[in-house]
Every structure is written in C-alpha cells, then in structure tokens.
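K.L.:
2 protein chains.
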Amino acid sequence: LSASVFIAGDWGSSRLRLYLCGGDRVLDRRAGPGAFDTAGAHKAALLSLIEPWLARYGAGPVLLCGMVGSRNGWVEAPYAPSPAGAEDLRQRLVRVEGGPVEVMIMPGVAGPGPRGTPEVMRGEETQIIGALALAPALARGRWRLGLPGTHTKWALVEDGRIVSFQTALTGELFGLLRDHGALAKVDGERAARDGDGFVAGLERRPARLGAGLLHELFEVRSRQLLDGWDCAYALDFLSGLLIGADVEGALALFGGSAREIILIGEPALTGRYGQALAHFGASSRSLGGEECALAGLRSIALGMKDASRVAD
Amino acid sequence: LSASVFIAGDWGSSRLRLYLCGGDRVLDRRAGPGAFDTAGAHKAALLSLIEPWLARYGAGPVLLCGMVGSRNGWVEAPYAPSPAGAEDLRQRLVRVEGGPVEVMIMPGVAGPGPRGTPEVMRGEETQIIGALALAPALARGRWRLGLPGTHTKWALVEDGRIVSFQTALTGELFGLLRDHGALAKVDGERAARDGDGFVAGLERRPARLGAGLLHELFEVRSRQLLDGWDCAYALDFLSGLLIGADVEGALALFGGSAREIILIGEPALTGRYGQALAHFGASSRSLGGEECALAGLRSIALGMKDASRVAD
C-alpha cells in the first residue's frame with residue numbers, strides 16, 4: 001500500500017493544503033498555516049499535521065510546492081530555467097534533510113518574460129503541470145494560460161513546457177488600494193447603484209490610454225465624491241479597471257492566437273477574468289486552482305515513483 | 001494695524017501650517033495637527049495655536065485651505081466648478097459660524113478632466129493661485145502645471161483660471177507598494193548597486209507598452225530575487241517607473257505645447273518630476289509648494305479686503 005500512498009502539499013505564503021493521496025484518490029486532507037507564518041518551524045508544523053497519516057500508512061514521501069521553497073520558506077528550491085516541463089521540474093526537486101519522513105520541494109521557474117525582463121514563479125508551475133494532466137490536449141501545441149491572483153501570471157506553454165511568462169501585479173494593487181488607500185473611503189451617499197461596476201471599469205480600457213492606469217484610478221474616488229457611488233460599486237469599478245488593463249495587456253503579450261485562453265485559479269477570480277477576456281473578444285476556459293495544484297503534485301510524484309522504479 | 005494683519009492656514013489631511021501675515025511679510029508661523037487628525041475639535045485646535053496672535057494683533061480674519069474644507073474636515077466648502085480663478089474661489093469662500101474669530105475656508109475645484117472623467121482638487125487650487133501671484137507671467141496665456149504628491153494633479157491654466165485638470169495616483173501607489181506591498185522586501189543580497197535606479201525606472205517607459213504598468217511593476221521584485229538589487233535601488237527604480245509613467249501620460253493630456261511645465265511641490269519631488277520631464281524632452285520650472293500655498297492664501301485674503309473696502 002505505502003508504495004502508492006503519498007502526501008501532496010500546496011504550501012503557499014499564507015496557507016497550507018495537504019492531501020493524502022492513494023493512486024488517483026484523495027484519501028484525506030488537512031489545512032495548516034502559511035509558509036511565511038511558520039518561520040523556523042516548518043518541520044514541526046508539517047509533522048503535527050501528517051502524524052496520523054504516517055502512523056496509519058507509513059512514511060510515504062511528502063511533495064510540497066509553493067513559497068515553502070522560497071528563500072524565506074523552509075528550504076530554498078532554486079528556480080528551474082524556462083522552458084521547463086514536468087521532467088525538468090522533477091529533476092530539480094530539493095530534498096529536505098533530517099527525516100523522519102522524506103520531504104521533497106518543487107522548484108519554481110525563472111526566465112526572461114515576453115518583454116525580456118526577468119520573471120519568476122513559484123507554485124504556479126505546479127498548477128500548470130496539473131492543468132496539462134487534467135486536460136491532456138494542453139500538453140501538445142501552443143497555449144496561453146492565465147493564473148489570476150495576487151501576482152497574476154500569464155504563461156505561454158508549448159508542447160508541455162512553460163516557455164515564457166509575465167507577472168501582473170493586479171491582485172496586489174487591488175488589495176492595497178482597497179485596504180490601505182484613499183480610493184474607496186466615501187461610502188454611503190447612495191445606498192446602491194444600478195448597473196455593474198465591474199463592466200463599467202472594463203469599459204474604461206486604460207491600456208488604450210498611454211499612462212492610463214495611473215490617470216484612471218482616481219475616478220474611483222471622484223465619482224464617490226461627485227456622483228455618490230457607494231463603496232461596493234466603486235470597488236467593482238476598480239476591479240474592472242485593473243483586470244481590464246491586465247487582460248488587455250496580456251492579450252498582446254505572446255502574439256496573436258486563435259485559441260482560447262486557459263484560466264487557472266479560484267472560480268470567483270477566473271470568472272471575472274473570463275468575463276474580461278470575453279469583453280475584449282477572447283474566449284477562455286477555467287480550471288480550479290486547487291485542483292490543478294493537486295493534479296500537478298500528483299503528476300510529479302507519480303513520475304518520481306516511476307523514475308525510482310526504473311532506477312531500481 | 002489689524003486691518004492688514006491676517007492669519008493664513010494650509011490645513012491638509014495630515015498637517016496644519018499657520019502663518020501670521022502682515023502685508024507682504026510673515027510675522028510668525030506655527031504648525032499643528034492635520035485636519036483628519038482633529039475630528040470634531042478643529043476650532044479648539046486652531047484657537048489654541050493662534051491665541052497669542054489674537055491677543056497681540058486682535059481678531060484678524062483666518063483664511064484656511066486644504067482638506068479642512070472637505071466633507072470629513074471642519075466645515076465643507078463645496079467645490080467651485082472649473083474654469084475657476086481667484087475671484088471665482090473668493091466668491092465661494094465658506095464662513096465658519098460661531099466665532100470668536102472670523103474663519104473662512106477655501107473651496108476646492110471640480111470639473112471634467114481632459115478625458116471627460118470627473119475630477120476634484122482641494123488645496124492645489126490655492127497653490128495654483130499662489131503660483132500666479134509669485135510669477136505673474138503665468139496669469140496670462142495657457143500654461144501646464146504639475147503638482148506632484150500623493151495624488152499628483154496636472155492642470156491646464158488659461159488666463160489665470162484653472163480650466164481642466166487630471167489626477168494621477170502616483171504618490172499613493174508608490175507609498176502603498178513601498179510600505180505594504182511585496183515588491184521591496186528582499187534586501188541585502190548586494191550592499192549597493194552602481195547606477196541610478198530612478199533613471200533605470202524612467203527608461204522602462206511603461207506608458208509605451210499598453211497595460212504597461214501592471215506588467216512592469218513585478219520587475220522590481222524579480223530583479224531583487226535574481227539580480228540582487230538592494231531595496232534602496234529597487235525603490236528608486238519603482239519611483240522612476242511610476243513617475244515616468246505619470247509624466248509620459250501627462251505630456252499627452254492637454255495637447256502639445258512648446259512652453260515649459262510649471263512644477264509646484266516639495267523640492268525633492270519636483271526635482272524628480274523635473275528630471276522625468278527632461279527625460280521625455282520637456283522643460284520645467286519649479287516653485288515651492290509651501291510658498292505657493294501661502295502666496296495663494298495671501299492673494300485671496302488681500303482680495304477679500306479690497307472687495308470689502310470697495311463695498312464700504
């Protein structure tokens with residue numbers, strides 16, 4: 001049994017998702033603190049969560065992806081250079097020393113983006129490998145993928161390898177402006193507004209306007225002051241403005257392509273990105289971010305076993 | 001004496017600057033808390049600061065500008081519609097009721113920006129009036145002014161009136177990304193870097209790249225991770241990226257003009273904007289923001305006295 005049972009973990013900066021995997025099935029799952037909330041205590045945090053699994057199933061290997069492998073995580077797993085596919089990543093897995101259970105950490109990916117600036121990802125590479133496993137058609141030919149989030153990634157995948165990618169600060173900017181900025185602070189003039197603030201934001205198309213975004217953002221506030229927008233509508237407008245700018249820019253990143261764009265992420269977010277892509281004339285399909293991470297870890301883990309069997 | 005002695009106050013959200021003015025001279029000055037730090041206690045805060053002046057010079061009028069006149073300030077002074085010059089603003093001064101000293105608050109200005117979106121300013125109108133007083137040549141013809149800050153304003157002034165203006169969120173975004181974001185958090189790989197990060201940021205010219213800014217900001221972080229940029233250099237680069245995008249967009253705002261751009265603000269900031277303007281081929285001249293605010297308040301106050309003399 002233990003040969004086919006292993007533990008997969010998506011350990012991001014603020015959240016750990018652990019899966020006890022048996023073949024194609026998830027036998028159990030647990031959640032834990034983020035890799036940046038566990039400074040110096042990653043092993044203890046992990047062991048306390050998986051102890052029941054170890055006791056019942058034996059010390060199966062643990063495969064982790066995400067910020068746990070960053071410089072400020074548990075053990076640094078250096079970036080694989082792009083282009084990188086599943087086998088490239090598997091060869092750069094980093095083993096955590098010191099037992100009692102075998103722990104391997106996924107590398108991130110680094111390489112020049114479509115504009116030549118350096119780019120890094122960590123965690124998204126596993127989701128992309130998972131998407132290729134869940135939708136095998138993606139493993140052949142040229143595909144554009146979008147992974148919306150705090151740092152949205154737009155990736156070009158060719159024949160199963162991540163060739164190039166670009167980060168957009170969309171989610172971080174939205175969060176900063178919502179939580180700390182002066183933009184959405186004038187609530188209550190009107191209880192609610194008709195219409196869809198997100199679509200109104202999309203329609204601004206700041207990407208068409210040169211410096212655009214810097215000069216468009218203040219409308220969120222001036223409309224509250226002058227037109228009585230409530231905060232919910234204003235934040236939807238801000239979301240449309242930012243996602244619209246991101247998507248419109250992304251469509252130009254890797255050159256034209258008739259194919260749909262594959263979105264990977266939380267459904268609420270991929271839904272908004274899909275709506276924005278449709279607004280700009282591009283079709284898309286969405287895959288769940290959690291499902292892709294798990295599928296990517298499973299795909300890498302199963303390959304490890306295959307490899308070790310061959311080595312045996 | 002008291003007829004020519006008055007009190008001018010620049011009362012922004014986070015800072016109060018008070019001046020005891022006698023004709024063209026500043027007889028004394030004091031500093032106090034911001035208009036948003038004084039909720040419900042504006043009168044007490046003001047009186048405690050000016051009491052010695054009232055005792056010595058009598059209850060001269062007090063003229064205030066800035067966020068003290070906003071909805072969340074002391075008494076709301078509604079926006080004057082653009083175009084607005086000194087006389088338009090003077091006619092919309094709002095008198096604070098309840099004594100013991102006469103207090104008048106400057107209105108802000110509102111109107112459609114160059115792209116048709118609604119715009120508001122509060123405080124900058126007084127600095128602009130002051131700039132026209134300090135440099136009378138600006139009071140005739142068509143001039144472009146830049147007032148860099150948390151919310152940078154770009155204004156078109158024609159024959160002494162503010163015709164149109166545009167807000168850029170440059171300073172707020174820089175502060176949010178520096179203080180709360182993930183961009184500049186990887187210090188220490190290299191102690192320092194050769195070269196000027198600000199100029200490197202200017203040279204990115206995100207405005208030329210469509211969505212640009214959203215897709216350019218992450219370079220601040222990836223270069224720290226991959227190239228060992230220290231935080232100081234990374235923040236200078238971020239500053240150049242943001243100010244460059246702001247300035248490049250601003251140069252297109254009001255149509256071409258051979259004339260220099262007038263910058264009003266803190267010297268460290270107008271210096272950076274002047275450098276960015278020069279980088280994009282535009283000349284500029286800088287005036288101190290504090291001096292302009294004081295000159296604007298004086299100009300409005302002296303006009304009040306002239307008007308009342310005429311009325312007598």
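Note that the protein sequences, when read in sequence, are chains A and B.
For the first sequence, position 207 matches number 207 in my numbering, and the numbering has no gaps at all.
For the second sequence, position 115 matches number 115 in my numbering, and the numbering has no gaps at all.
Every residue, glycine too, gets a C-beta built ideally from N, C-alpha and C.
#1: Across which residues does DSSP place R313/B in a beta bridge pair?
#2: Can you tell which of G98/B, G111/B, A278/B has the C-alpha that lies nearest to the C-alpha of D227/A?
#3: Could you tell me whether the Cβ of A168/B comes closer than 8 Å to any Cβ of chain A?
#4: Bridge partners of I373/A, per DSSP?
#5: Please tell me whether L176/A and L177/B are closer than 8 Å, where the distance is taken between their beta carbons.
#6: Measuring only the C-alpha atoms, how far is R122/B from S70/B?
#7: By the three-class DSSP mapping on this structure, what secondary structure does W53/B have?
#8: Going by DSSP, which residues form a beta bridge with A295/B?
#9: Output needed for G60/A: all residues of its chain with C-beta closer than 7 Å, excluding positions within five of it in sequence on either side, in chain order.
#10: CA-CA distance, H215/B and W154/A?
#11: Could you check whether L147/A and G383/A sit closer than 8 Å to each other, using their CB atoms as the reference points?
#12: Shorter than 8 Å from the beta carbon of F254/A to some beta carbon of chain B?
#13: Rounded to a whole number of angstroms, what is the C-alpha to C-alpha distance between L93/A and W229/B?
#14: Assign S70/A to one of three DSSP states: helix, strand, or coil.
#15: Closest Cβ-Cβ distance between P118/A and chain B: below 8 Å?
#16: Can you grab the Cα-Cα spacing for the pair A131/B / L287/B, in whole Å?
#17: Candidates A282/A, S164/A, V68/A, L225/A: which alpha carbon is nearest G9/A's?
#18: Between the stretch 102-119 of chain B and the stretch 74-91 of chain B, can you find at least three pairs of beta-carbon atoms closer than 8 Å?
#19: Looking only at its own chain, which residues have a Cβ that is under 7 Å from the Cβ of G240/B, when we skip the five neighbours before and after it?
#20: I need the DSSP call for V5/B, collapsed to helix, strand or coil.
#21: Taking only runs that begin and end inside the stretch 68-150 of chain B, name each unbroken alpha helix (DSSP H) of 4 or more residues, in chain order.
#22: Looking at the strands, I want to know which residues DSSP matches up with K43/B.
#23: From the beta carbon of F315/A, is the nearest beta carbon of chain B less than 8 Å away?
#24: Hey, is the stretch 159-173 of chain B in contact with the stretch 82-99 of chain B, meaning 3+ C-beta pairs nearer than 8 Å?
#25: Please confirm whether L177/B has its beta-carbon closer than 8 Å to some beta-carbon of chain A.
#26: Rounded C-beta distance between R17/B and A35/B? I'm assuming under 8 Å.
#27: Spatial neighbours of A39/B within its chain, please: CB distance less than 6 Å, with the 5 preceding and 5 following residues excluded, ordered by chain position.
#28: Near L49/A, which residues of its chain fall below 8 Å by C-beta distance, leaving aside the five closest residues on each side in sequence?
P.N.:
Walking through what the data contain:
#1: What is shown of chain B runs 1 to 312, which leaves residue 313/B out entirely.
#2: By one-based count along the first sequence, residue 227/A stands at place 227. The shortest C-alpha separation from D227/A is found at G111/B.
#3: In the second sequence, counting from the first residue as 1, residue 168/B sits at position 168. Output row for A168/B: interface = yes.
#4: With chain A running from 1 to 312 in the structure shown, residue 373/A is simply not present.
#5: If you number the first sequence from 1, residue 176/A lands on position 176. If you number the second sequence from 1, residue 177/B lands on position 177. Yes; because the gap between Cβ atoms is below 8 Å, this pair is in contact.
#6: Numbered from its first residue, the second sequence carries residue 122/B at position 122. Numbered from its first residue, the second sequence carries residue 70/B at position 70. Spanning the two alpha carbons is a distance of roughly 8 Å.
#7: Position 53 of the second sequence, counted from the start, is the residue given in the question as residue 53/B. W53/B: helix per DSSP, three-state reduction.
#8: Start at 1 with the first residue of the second sequence, and residue 295/B comes out as number 295. DSSP, once it has assigned bridges, lists no residue as partnering A295/B.
#9: Position 60 of the first sequence, counting from 1, holds the residue named residue 60/A. Only S2, V5, F6, I7 meet the Cβ criterion.
#10: Position 215 of the second sequence holds residue 215/B. Position 154 of the first sequence holds residue 154/A. Each residue's Cα considered, the two are about 10 Å apart.
#11: Outside the shown range of chain A, which is 1 to 312, sits residue 383/A, and nothing can be said about it.
#12: Here residue 254/A is taken as the residue at index 254 of the first sequence, counted from 1. Any Cβ of chain B closer than 8 Å to the Cβ of F254/A would place that residue at the interface, and such an atom is absent.
#13: In the first sequence, residue 93/A corresponds to position 93, counting from 1. In the second sequence, residue 229/B corresponds to position 229, counting from 1. Cα to Cα, L93/A sits roughly 27 Å from W229/B.
#14: For the purposes of this step, residue 70/A is identified with residue 70 of the first sequence, where counting begins at 1. Coil at S70/A, not helix or strand.
#15: Start at 1 with the first residue of the first sequence, and residue 118/A comes out as number 118. With 8 Å as the cut-off, P118/A counts as an interface residue toward chain B.
#16: The residue labelled residue 131/B in the question sits at position 131 within the second sequence. The residue labelled residue 287/B in the question sits at position 287 within the second sequence. If I take the Cα positions, the gap works out to 7 Å.
#17: Counted from its first residue, the first sequence places residue 9/A at position 9. The candidate whose alpha carbon is nearest that of G9/A is V68/A.
#18: yes
#19: Walking along the second sequence from the start, residue 240/B turns up at place 240. Around G240/B: G197, F198, V199, A200, G201, L202.
#20: Residue mapping note: residue 5/B aligns to position 5 of the second sequence, counting from 1. DSSP places V5/B in strand when its eight states are reduced to three.
#21: 86-91, 124-134
#22: By 1-based counting over the second sequence, the position of residue 43/B is 43. K43/B is not bridged to any residue.
#23: Coverage of chain A is limited to positions 1 through 312, which leaves residue 315/A absent and any answer about it impossible.
#24: Verdict: yes, contact present.
#25: Reading the second sequence from its first residue, position 177 is the one you call residue 177/B. Yes, contact with chain A.
#26: Taking the first residue of the second sequence as 1, we reach residue 17/B at position 17. Taking the first residue of the second sequence as 1, we reach residue 35/B at position 35. R17/B to A35/B, Cβ: 12 Å. No contact.
#27: For the purposes of this step, residue 39/B is identified with residue 39 of the second sequence, where counting begins at 1. Result list for A39/B: empty, nothing under 6 Å.
#28: Walking along the first sequence from the start, residue 49/A turns up at place 49. Cβ neighbours of L49/A beyond the five flanking positions: L16, L18, R30, G32.
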